[in-house]
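Enquirer: Every position in the sequence shown, counted from 1, becomes a number in this note's numbering once 8 is added. Have a look at this one before I ask anything.
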Amino acid sequence: MQTNKRPPASVLFIFGGSGDLNYRKLTPALYNLFLDNWMPDQFAIAGIGRSPYTNEAYHEHLLDGVTKFSRRKGKQNGHWTEFAQHVSYLQMDGDDAAAYHKITDLVKQKEEEWGVHPNVIFYLAVAPQLVPSIAQKLGALKICSDKSTTRIVVEKPFGHDLESAHKLNILLSEMFAEEQIFRIDHYLGKETVQNILALRFANEIFEPIWNRNYIDHIQITAAESVGLEGRGGYFENAGALRDMVQNHILQILCMIAMEPPVSFDANEIRNKKVDVLNAIRRITKDQVHDFAVRGQYSGGWKKGEKVVGYRQEQGVDPQSAIDTFAAAKFYIDNWRWQGVPFYVRTGKYLNQKATHITLQFKPAPHYAFPKEAAETWRSNRLTISIQPNMDISIRFQAKRPGQTMTLDPVDMTFDYDAVAGEHAPEAYETLLLDVMEGDATLFMRNDQVDAAWKVIMPILETWEARSPQDFPNYAPDSWGPDEADALIARDGHTWINLPPAP
């Protein structure tokens, strides 16, 4: 094992410890951190849930999740047994205030055993409606008054709209200091997303042209090839705009558009992101039709398999007006980006699973090449692919071999997977390590949350006030409704779809 500078002693409590998020993501991430020698020398993980588990049965349950969902499979030469010695299960109901002594008892036990007061982390991997009640009961514990060692991690969605998000921020702030609250967005833990900062600010060749003088427009696509996967009840209260645009996509947009930071201090980075959100031009309700498109998938065929429409999914209202597709055009009214459109789109049951960012550069000025060179002329393009491939590609013009001056667009690609292989950490590994270290750079601050909601609220309120007359309006395995193509075509552009992953 390599030697890393590891976090201080930590006790991690996972509310929802018997749930799907811990099974699929959290424990596999923690186990990989352990295998890579990133976990503290002294650590304890306690899953909290209502399901009855002995510690042994709980370990078997979690190992099954690691085997199925981790980037590393199985026991890894017996290391699972060593890791599992740090894992226990507390059966308790999060609504039972009297049961919370089990938490303080475990912390006190570890403090006596290790001879040091550990970091205490509460990860709320629970349904959003349970967060306020659990947070209030945690806030009553004496250990939570220690701002330097106690942290609470809250999963998205953070609120249902601006008002509910604001109320939740106020509630959390009554019990925890802002530096103790880690609002997690797993997209920001992805390696290629973090690489945006390195690409922009560590390379002199990019930042001088990263502005309205050279960039024509920017596209951000977060497409899903699957449907609801049994989450009809959740999605009926969310929709694509809430589920993806308000958090994931706007956070990616911030990293693309932010000004250079003076340091990598967490608040400095987050200040720059808030500046972007505050600079996004607010869409008025009578402009929504011109700036945003919604869609809902019908029944049909997906990769040779017959699938039902959204309104026929389990847990969905047969007359539902919820959007399973959303596209929008934003403008950022500041010196760097004035007049540059940012097109974003996301949806379920689209043609392929793909998340990518495309910076389309302006055409080169008048050139002296012969007429035949113009036939294949293409403007330069920078593409940052987040999933399923992790790569960064630059398209430029090159001469085709032969006796004529014929130009072809060619791509130069940095393939992150080829360099990192299985060593590339998954998003939750990065974010959980940051929580243990107290680094909030990749987590949303309360003003970021409010600012992001303010961007999309006019769209949400308009859509909720006007029932769509054309739902369902796109077929599975397509790229969404025709109106999304019209949204970008009005400006003389087309959506850029990357070739499917091999």
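We treat Cβ as the ideally placed atom computed from N, Cα and C, and that holds for glycine.
Going by alpha carbons, who is nearest to GLN320 out of PRO480, PHE21, ASP44 and GLN137?
Expert: Of the listed residues, the one whose Cα sits closest to GLN320 is PRO480.
Enquirer: Starting from the Cα of THR414, find the closest Cα among ASP399, VAL427, ALA435 and GLU380 and give me that residue.
Expert: Answer by Cα proximity: GLU380.
Enquirer: Report yes or no: is there a C-beta of chain E within less than 7 Å of the C-beta of ASN219?
Expert: Among the protein chains of the structure shown there is no chain E, as only one such chain exists.
Enquirer: Excluding the 5 residues preceding and the 5 following VAL301 in the sequence, name in chain order all residues of the same chain whose CB lies nearer than 6 Å to its CB.
Expert: So the qualifying residues of the chain are ALA335, GLU491, ALA492 and LEU495.
Enquirer: Looking at VAL457 and PHE190, is the spacing between their C-beta atoms short of 7 Å?
Expert: No, the pair does not count as a contact, with Cβ atoms beyond the cut-off.
Enquirer: Answer with buried or exposed for MET398, where buried requires no fewer than 16 other C-beta atoms within 10 angstroms of its C-beta.
Expert: It is buried - the Cβ of MET398 has at least 16 other Cβ atoms within 10 Å.
Enquirer: In whole angstroms, what separates the C-alpha of PHE338 from that of GLY238?
Expert: Rounded to the nearest angstrom, the two C-alpha atoms are 32 Å apart.
Enquirer: Output the boundary residues of the alpha helix (DSSP H) element that contains MET465.
Expert: That run of the alpha helix (DSSP H) goes 454-473.
Enquirer: With 16 as the cutoff for other CB atoms within 10 Å, does TRP309 come out buried or exposed?
Expert: Under this definition TRP309 is an exposed residue.
Enquirer: Would you list the one or two residues that DSSP bridges to GLN368?
Expert: Answer is HIS225 and ARG389, bridged to GLN368.
Enquirer: My understanding is that LYS293 touches PRO466, with C-beta atoms under 8 Å, so please give their C-beta distance in whole angstroms.
Expert: Right, the Cβ-Cβ distance comes to about 5 Å (below 8 Å), so this counts as a contact.
Enquirer: How big is the Cα-Cα spacing for ASP416 and ALA265?
Expert: Near 30 Å, if we compare the C-alpha coordinates of ALA265 and ASP416.
Enquirer: Straight-line CA distance for PRO269 to ALA54?
Expert: Using only the alpha carbons, I get a separation of about 38 Å.
Enquirer: Measure the C-alpha to C-alpha separation of GLU437 and ASN245 and round it to an integer number of angstroms.
Expert: Rounded to whole angstroms, GLU437 to ASN245 spans 29 Å at the Cα level.
Enquirer: State buried or exposed for PHE272, treating a residue as buried only when at least 16 other CB atoms are found within 10 Å of its CB.
Expert: The residue is exposed, with fewer than 16 neighbouring Cβ atoms inside 10 Å.
Enquirer: Going by DSSP in three states, GLY317 sits in which element: helix, strand or coil?
Expert: Three-state DSSP puts GLY317 in coil, outside helix and strand.
Enquirer: Check whether the segment 41-57 and the segment 398-411 touch, using three or more Cβ-Cβ pairs below 8 Å as the test.
Expert: In short, these stretches do not touch, since the Cβ pair count stays below three.
Enquirer: State buried or exposed for PRO216, treating a residue as buried only when at least 16 other CB atoms are found within 10 Å of its CB.
Expert: PRO216 comes out exposed.
Enquirer: Who are the near neighbours of GLY27 in its chain, counting only those whose CB is closer than 8 Å to its CB and skipping five residues on each side?
Expert: Result list for GLY27: GLY57, ALA133 and VAL134, in chain order.
Enquirer: On the three-state DSSP scale, how would you describe SER141?
Expert: Three-state DSSP puts SER141 in a helix.
Enquirer: When we look at the beta-carbon of ILE228 and count the other beta-carbons within 10 Å, is it buried (16 or more) or exposed?
Expert: With 16 or more Cβ atoms within 10 Å of its Cβ, ILE228 is classed as buried.
Enquirer: Reducing DSSP to helix, strand and coil, say where PRO417 ends up.
Expert: The answer is strand: DSSP assigns PRO417 an E or B state.
Enquirer: Thinking C-alpha only, which one of ILE204, ARG250, PHE166 and ASN219 is nearest GLU472?
Expert: Residue ARG250 is the option with its Cα nearest to GLU472.
Enquirer: According to the neighbour-count rule (16 or more other Cβ atoms, all chains shown, within 10 Å of its Cβ), is ILE213 buried or exposed?
Expert: When all chains shown are included, ILE213 counts as exposed.
Enquirer: With a cut-off of 8 Å, do at least 3 Cβ pairs link the segment 218-236 to the segment 352-368?
Expert: At 8 Å Cβ cutoff, the stretches touch.
Enquirer: I believe ASN40 touches ARG79 by the beta-carbon criterion, under 8 Å. Please report the beta-carbon distance rounded to the nearest angstrom.
Expert: Their Cβ separation, rounded to whole angstroms, is 7 Å, which keeps ASN40 and ARG79 in contact under 8 Å.
Enquirer: Alpha carbon to alpha carbon, how far is VAL95 from PHE51?
Expert: Taking the straight line joining both Cα atoms gives about 9 Å.
Enquirer: Measuring only the C-alpha atoms, how far is ASN144 from LEU138?
Expert: The sequence given here places Gln at residue 144; Asn does not occur at that position. Looking at the two C-alpha atoms, the distance is approximately 10 Å.
Enquirer: Can you look up PHE51 in the DSSP assignment and give me helix, strand or coil?
Expert: Three-state result, PHE51: strand.
Enquirer: Quick one: is GLY247 buried, meaning 16 or more other Cβ sit within 10 Å of its Cβ, or exposed?
Expert: That one is buried.
Enquirer: Based on the DSSP output, what are the partners of ASN127 in its beta bridges?
Expert: Paired residues: SER18.
Enquirer: Sorted by chain position, which residues of the same chain lie with C-beta nearer than 8 Å to GLN10's C-beta, five sequence neighbours on each side aside?
Expert: With a pLDDT of only 49 at GLN10, under the threshold of 50, the placement of this residue in the model should not be trusted, and no figure is reported.
Enquirer: Return the residue from the list GLN99, PHE21 and LEU450 that minimises the CA-CA distance to ASN279.
Expert: Of the listed residues, the one whose Cα sits closest to ASN279 is LEU450.
Enquirer: Looking only at its chain, what residues have a beta carbon closer than 6 Å to the beta carbon of PRO484, apart from the 5 residues adjacent to it on each side?
Expert: Result list for PRO484: TYR305, GLY308, LYS310, VAL315 and TYR357, in chain order.
Enquirer: Rounded to the nearest angstrom, what separates SER18 and THR421 at their Cα positions?
Expert: Between SER18 and THR421, the C-alpha separation is close to 40 Å.
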